[in-house]
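Peer 1: Residue numbers (my numbering): 435 to 821. What follows is a single structure, and I will ask about it in a moment.
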Ligand SMILES: NC(=O)c1ccc[n+]([C@@H]2O[C@H](COP(=O)([O-])OP(=O)(O)OC[C@H]3O[C@@H](n4cnc5c(N)ncnc54)[C@H](OP(=O)(O)O)[C@@H]3O)[C@@H](O)[C@H]2O)c1
């Protein structure tokens, strides 16, 4: 029986993971669940999955849950420290890292330092501190298994291959809901339009990142650290059908792709059972029904954040962390209807321009860059909400 901890259990990845776990009751046991502040959702998950320990980041929510569960033997922890405690629980065999944003960095690192294998969907920590996460995983002898569909595809394609055989990684991108919008139309797009991803049902932050194509930018950086491949060996191609989840070109010019219907339960099932595969009852991909698969070059003038992410990765140091924090602040402001869609890009560019890049030797350097960029991003947001 594999004992599983899910960080971000109430989110899109968290609930898809629990869907898979529920299908294999003799293989997996839910040991720990965490969430931000969703007490009711967490409470309903506790009833079904009976974890030993749970944590809510929000202290008030944790206190309310503690009260409700006072007669049960579920341990309720609170705050960032509570989430870290669940992440490094001594009995955990596999930790699913599915918190959204930078908030997942410390719990994910804590799990690695406690020698837990981690299956990672939470890409932002890899963007901020990919080198540190890789180093800590090697030092502690643990595996980092990708959940993101593109990275899962590459991971599956590379199974049994040697790193020096890779010519390039080709990440596919659906292009998001605004692929065919003009720049003028994109500028004032509504929140509902920006959230309406054509192929994937995901949490709000990643949905907006998909609309700006920043998600692909973050994924380039994620791929760099997960597969130890330099930026010049990572390409992006727009593939609106989301059937080819990504490809690898090898030195002999063979290109190997992984395909499937867009459903996160497939890559989640893969990491839960890795290195084996397990049968799940989901619809099969019927290529005759899909008919046509198309591929096109990304338009980096229409979607400038893709290029910005490449630059941040190439220049390195504090830049990826600043990019990520400025993006999180701008996306939050857009989700709260404080700024227009078009302002997301401008806030990120202004924050990056104001930054003096530095090297990141330690986690503190990364966290300091994150802190600085949030303040700077907020300053630009305030300016543009009054302008
Ligand atoms: N969704 C997908 O299909 C998908 C695909 C590939 C990669 N990813 C990546 O996976 C991660 C999660 O995405 P998602 O779409 O599942 O997000 P989501 O639906 O918004 O869920 C986020 C989860 O994180 C928790 N959370 C939020 N803020 C927190 C904080 N400050 N401290 C602790 N927990 C916090 C939330 O709890 P509450 O419910 O209490 O707010 C929730 O459980 C992201 O990094 C995303 O890029 C997602």
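Where is the CB? At the ideal position from N, CA and C, for every residue including glycine.
Quick one, are the C-beta atoms of residue 503 and residue 489 less than 9 Å apart?
Peer 2: Not a contact, by the Cβ cut-off of 9 Å.
Peer 1: Could you tell me which of 706, 469, 524 sits nearest to residue 451, measuring between CA atoms?
Peer 2: The shortest Cα separation from residue 451 among 706, 469, 524 belongs to 706.
Peer 1: Going residue by residue through the stretch 564 to 618, where are the continuous beta strand (DSSP E) segments of at least 3 residues, counting only ones entirely within it?
Peer 2: For the stretch 564 to 618, whole beta strand (DSSP E) runs of length 3 or above, ordered along the chain, are 578 to 580, 600 to 607.
Peer 1: In three-state terms, what does DSSP make of residue 756?
Peer 2: Helix, per DSSP.
Peer 1: From 541, 716, 443, 658, pick the residue whose C-alpha is nearest to that of residue 457; which is it?
Peer 2: Comparing Cα positions, the closest option is 716.
Peer 1: Would you call the stretch 646 to 665 and the stretch 585 to 601 touching, i.e. three or more CB-CB distances under 8 Å?
Peer 2: Touching, yes.
Peer 1: Quick check: what's the CA-CA separation for residue 724 versus residue 544?
Peer 2: Straight-line Cα distance between these residues: approximately 43 Å.
Peer 1: May I ask whether a heavy atom of ligand 1 can be found less than 8 Å away from the beta carbon of residue 659?
Peer 2: Incorrect: residue 659 has no Cβ contact closer than 8 Å to ligand 1.
Peer 1: Let me know the secondary structure DSSP gives residue 676 once reduced to three states.
Peer 2: DSSP places residue 676 in coil when its eight states are reduced to three.
Peer 1: Does the beta-carbon of residue 514, which I'm using as the reference point, lie nearer than 8 Å to any heavy atom of ligand 1?
Peer 2: For ligand 1, at least one heavy atom lies less than 8 Å from the Cβ of residue 514.
Peer 1: Please confirm whether residue 532 and residue 652 have their CB atoms less than 9 Å apart.
Peer 2: Cβ atoms of residue 532 and residue 652: not closer than 9 Å.
Peer 1: Report all residues from its chain with a CB closer than 8 Å to the CB of residue 773; omit the five preceding and five following residues, and keep chain order.
Peer 2: If we look at residue 773 and ignore the five residues flanking it on each side, its Cβ neighbours are 764, 767, 781, 815, 818, 819.
Peer 1: Is the stretch 785 to 804 close to the stretch 547 to 563, with three or more CB pairs under 8 Å?
Peer 2: Verdict: yes, contact present.
Peer 1: Less than 9 Å between the beta carbons of residue 735 and residue 583, yes or no?
Peer 2: Not in contact: residue 735 and residue 583 (Cβ atoms no closer than 9 Å).
Peer 1: Is the beta carbon of residue 576 less than 9 Å from the beta carbon of residue 530?
Peer 2: Contact flag unset, no.
Peer 1: Which two residues bound the contiguous alpha helix (DSSP H) that contains residue 641?
Peer 2: Here the alpha helix (DSSP H) through residue 641 covers 638 to 646.
Peer 1: Run through DSSP, which three-state label would residue 700 get?
Peer 2: The answer is helix: DSSP assigns residue 700 an H, G or I state.
Peer 1: Can you name the start and end residues of the alpha helix (DSSP H) that residue 795 belongs to?
Peer 2: Element bounds for residue 795: n/a, residue is neither H nor E.
Peer 1: Where are the beta strand (DSSP E) runs, 3 residues long or more, that stay fully inside the stretch 475 to 514, in chain order?
Peer 2: Taking only runs of at least 3 residues, the beta strand (DSSP E) segments lying wholly in the stretch 475 to 514 are 487 to 490, 509 to 512.
Peer 1: Can you round the beta-carbon distance between residue 587 and residue 692 to whole angstroms, since I take them to be within the 8 Å contact cut?
Peer 2: 4 Å between Cβ atoms; contact.
Peer 1: When DSSP labels each residue in this structure, what does residue 787 get in the three-state scheme?
Peer 2: Here residue 787 sits in helix by DSSP.
Peer 1: Is any non-hydrogen atom of ligand 1 found closer than 8 Å to the C-beta of residue 652, if you look at the structure I gave you?
Peer 2: Residue 652 Cβ: within cutoff of ligand 1.
Peer 1: Which residues in the same chain as residue 632 place their Cβ atom closer than 7 Å to its Cβ, once the five residues preceding and following it in sequence are excluded?
Peer 2: Answer for residue 632: 608, 611, listed in chain order.
Peer 1: Is residue 517 near residue 555, with beta carbons less than 9 Å apart?
Peer 2: Not in contact: residue 517 and residue 555 (Cβ atoms no closer than 9 Å).
Peer 1: Could you compute how far the alpha carbon of residue 378 sits from the alpha carbon of residue 613?
Peer 2: Outside the displayed span of the chain (435 to 821) sits residue 378, for which this structure offers no information.
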